[in-house]
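Peer 1: Position in the sequence shown (first residue = 1) + 161 = this note's numbering.
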Amino acid sequence: MEVMDQERLLPVVGAGSGGWADGQVPKITSLLIKPASALCNLDCAYCFYLDRESDPYANAPQRFMTLETLERLVDTYLFYSYPNAVFAFQGGEPTLLGLKFYEKLVEFQKQYGRDGQSVSNALQTNGLLIDDAWAELFREYNWLVGLSLDGPEEVHDTYRVNRAGRGSWRRVMQALEVLQRHRVEFNVLCVLSQANVDKPKQLYQFFKSLGVDNIQYIPLSEFFADGTPMPFTITPEQYGRFLCETFELWWPDRRKIRIRFFDNLAEAVAGIKPGSCTLHETCDSYVVVEYNGDVYPCDFFVESRWKLGNILVDSWPEIARRRRRYEFALNKTILHPECQRCEWLSICRRGCPKFRHAPRRNFEDLDYFCPAYKMVYPRVVEPLKKEVERLLRTIPAGACLNPY
Ligand code: SF4
Ligand code: SF4
C-alpha cells in the first residue's frame, strides 16, 4: 500500500509554475538538508525534535549522511534545479558532521555545477563547534549562517543547555565573535519562549548592542497530546504583544536591521513572493532531505505518512510529482470560517499548517497564533505599505522585482 501510494505521480503540464492549478506541478526551489537528522550536542528543554514519538529515525543506529549520499544529492539536485540551487543545512546540529564533510560538499558542487549556475549554501547552528576554520569556509564561499541565540545569558541558558544541564551562552557568544571577525554573513535565530517573550526591549537592545543586523524570531508552540500547551510555549497574546513592541523599537532602525517577520510582510505587501513559507499560498517551496536521502515536504512533518521518496532511488521530477506532495501543499488552503471573513487573508494566507495542526493534530483548525497576527497586522501593515511605496518610487522603471 505504501509503495503503491508513493508511485502515484501527478502529470506535469508546464515546468515550475506558481501553483497546482491545471496539473501544474511547482518545482522544488530549495532544500533543507539534515545530515545529522535530529542528533544534537545540546539538549534544549524546548526542542521539538527530542523524544518525538513520530520520529521515523528515533531507533536508527547511525544517523549521519554518508559522502556517497551527499554526492548523489549534489549531483542530482544541481541537474534538476539549474540555474539556481539553494542548499540549507540544519539539524539537529549539522556541524556534527565535521568540517571535512562541508569541504567535500563544496568540491562536489564545483564538480557537478554547470557554467552559469548559481549555488548558495546556508547552515543553521547552535554555535558550539564554530571556530576559525569553519568561519573561513563560510566566508570564502559566502555562506549564510544562522546562529541560535535566545538573548542575554540568563535568558538563553534557561532552556539551551547540554546534557549535564549546563548553559551554552558563553560558547555561542564566542561563535558570534568568530563569525563577526571573519565577516561571515549571519543572522540570529531567537526562539521565543516563556523565558524571553515578555522582554522585547531587552532582547532587541541586546542584539543591537552586539552589532547583529539580521534577526529571526521563532515562536514556540509545543503541546501535550491532550492539547494543553507545554510550559515553555508562548500564548498568542504574548506573541502579538512582542511583535507590536518590537516593531516600535525596530522602526527607526529599519534601514539598518532586518527582522524577518517584518521583512516578509513587506515582501507580501510589495507583491514579491515572501521569504517565509508561512505567507505562501501553498506548502511546496522547499523539501527536507534526511541523512539517508529520504525526502519530506516540511521539517515539522518528518513522519512516515508524509515521506515523498528517497534521492537514492527516485528522481527529483518524480519526487516533485508525488501525490502526497500535492496533498500536503494543499493543507494550507483549507479555509477556516474565521479566515474566510478575515481582512488579512491576502497577506496571511491562513497562517502555517504547523500552528494549525499542533494543538489538536487537526489541519482544519485555526492557526494557534491567529490572535497574534490580528494584533500585529493592524499596527504594522500600513506603515510597511507606505515604506514599500516610497522605496518603489526610487527603483528605475523596468527593474525586475521578482513578482509572482
Ligand atoms: S507547514 Fe508551515 S513551516 Fe511547513 S511548509 Fe507549510 S507554512 Fe511552511
Ligand atoms: S489572521 Fe487569522 S483569520 Fe486572518 S487569515 Fe490569518 S489565520 Fe486566518
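Even for Gly, the Cβ is constructed at its ideal location relative to N, Cα and C.
Which same chain residues end up closer than 6 Å to ASN202 when comparing Cβ atoms and leaving out the 5 residues on each side of it in sequence?
Peer 2: GLU254 and LEU289
Peer 1: By the 10 Å Cβ neighbour count, where 16 or more other Cβ atoms means buried, how is PRO392 classified, buried or exposed?
Peer 2: Exposed.
Peer 1: Regarding TYR538 and ligand 2, is the C-beta to nearest heavy atom distance less than 8 Å?
Peer 2: A distance criterion of 8 Å places the beta-carbon of TYR538 in contact range of ligand 2, judged by its closest non-hydrogen atom.
Peer 1: Decide if LEU552 is buried, meaning its Cβ has at least 16 other Cβ atoms within 10 Å, or exposed.
Peer 2: exposed
Peer 1: Which parts of the segment 315 to 373 are runs of the beta strand (DSSP E), unbroken and 3 residues or longer, counting only runs that do not cross its ends?
Peer 2: 346 to 353
Peer 1: Under the three-state reduction of DSSP, which class applies to THR394: helix, strand or coil?
Peer 2: coil
Peer 1: Relative to ligand 2, is the shortest distance from any of its heavy atoms to the C-beta of TRP304 smaller than 8 Å?
Peer 2: It does not: the Cβ of TRP304 is nowhere closer than 8 Å to a heavy atom of ligand 2.
Peer 1: When you compare only the Cα positions, how much space is there between MET162 and ARG169?
Peer 2: Caution applies to MET162, whose pLDDT of 38 falls short of 50 and renders its modelled position unreliable; the model cannot decide the point.
Peer 1: Considering ASP455, what are the terminal residues of the alpha helix (DSSP H) in which it resides?
Peer 2: Not the alpha helix (DSSP H): ASP455 falls in the beta strand (DSSP E), residues 455 to 457.
Peer 1: As a quick check of your reading: which residues have a C-beta less than 6 Å from at least one non-hydrogen atom of ligand 1, in chain order?
Peer 2: CYS438, THR439, CYS444, CYS459, PHE461, LYS493, CYS513, PRO514 and LYS515
Peer 1: Is GLU442 close to ligand 2? I mean its beta-carbon at under 8 Å from any heavy atom of the ligand.
Peer 2: no
Peer 1: Report the residue from VAL542, GLN272, THR227 and ASP216 whose alpha carbon sits nearest the alpha carbon of ASP236.
Peer 2: GLN272
Peer 1: In this structure, how does DSSP classify LYS271 when only helix, strand and coil are distinguished?
Peer 2: helix
Peer 1: On the premise that LEU192 lies in contact with VAL247, defined as a C-beta separation below 8 Å, what is that separation, rounded to the nearest angstrom?
Peer 2: 7 Å
Peer 1: Go to TYR241, then tell me how far its beta strand (DSSP E) extends in each direction, as first and last residue.
Peer 2: No beta strand (DSSP E) holds TYR241; the alpha helix (DSSP H) holding it covers 228 to 242.
Peer 1: Taking 8 Å as the line, does the beta carbon of TRP505 fall inside it for any heavy atom of ligand 2?
Peer 2: Yes, the beta carbon of TRP505 sits closer than 8 Å to at least one heavy atom of ligand 2.
Peer 1: Are the Cβ atoms of ILE418 and ARG233 separated by less than 9 Å?
Peer 2: no
Peer 1: How about TYR529 and ARG517: do their beta carbons lie closer than 9 Å?
Peer 2: yes
Peer 1: Apply the 10 Å Cβ neighbour rule to LEU496 and answer buried if 16 or more other Cβ atoms are within range, or exposed otherwise.
Peer 2: exposed
Peer 1: Roughly how many angstroms lie between the CA atoms of SER446 and MET334, to the nearest whole one?
Peer 2: 33 Å
Peer 1: Out of LEU239, ASP318 and ARG344, which one is the CA nearest neighbour of ASP276?
Peer 2: Taking each of LEU239, ASP318 and ARG344 in turn and checking the Cα distance to ASP276, the smallest one comes out for LEU239.
Peer 1: Going straight from the alpha carbon of ARG483 to that of GLY274, what length do you get?
Peer 2: 26 Å
Peer 1: On a CA-only basis, which of GLU525, ILE480 and SER476 is nearest CYS500? Give me that one, please.
Peer 2: GLU525
Peer 1: Keeping to the same chain, check which residues put their C-beta closer than 6 Å to that of VAL456; ignore five residues upstream and five downstream.
Peer 2: VAL448, VAL450, LEU469, GLY470 and ILE480
Peer 1: Hey, is the segment 366 to 377 in contact with the segment 406 to 423, meaning 3+ C-beta pairs nearer than 8 Å?
Peer 2: yes
Peer 1: Kindly list the residues whose CB is nearer than 7 Å to the CB of PRO564, restricted to its own chain and excluding five residues on each side of it in sequence; keep chain order.
Peer 2: Only weak support exists for where PRO564 lies, its pLDDT of 43 falling under 50; the coordinates are left without a value.
Peer 1: Please say whether SER382 and LYS188 have beta carbons closer to each other than 9 Å?
Peer 2: Cβ distance not < 9 Å, so LYS188 and SER382 don't count as in contact.
Peer 1: By how many angstroms is the C-alpha of GLU314 removed from the C-alpha of TRP411?
Peer 2: 22 Å
Peer 1: When you measure from the CB of TYR534 to every non-hydrogen atom of ligand 2, does any distance come out below 8 Å?
Peer 2: yes
Peer 1: Candidates ASN323, GLU428 and LEU340: which alpha carbon is nearest GLU548's?
Peer 2: GLU428
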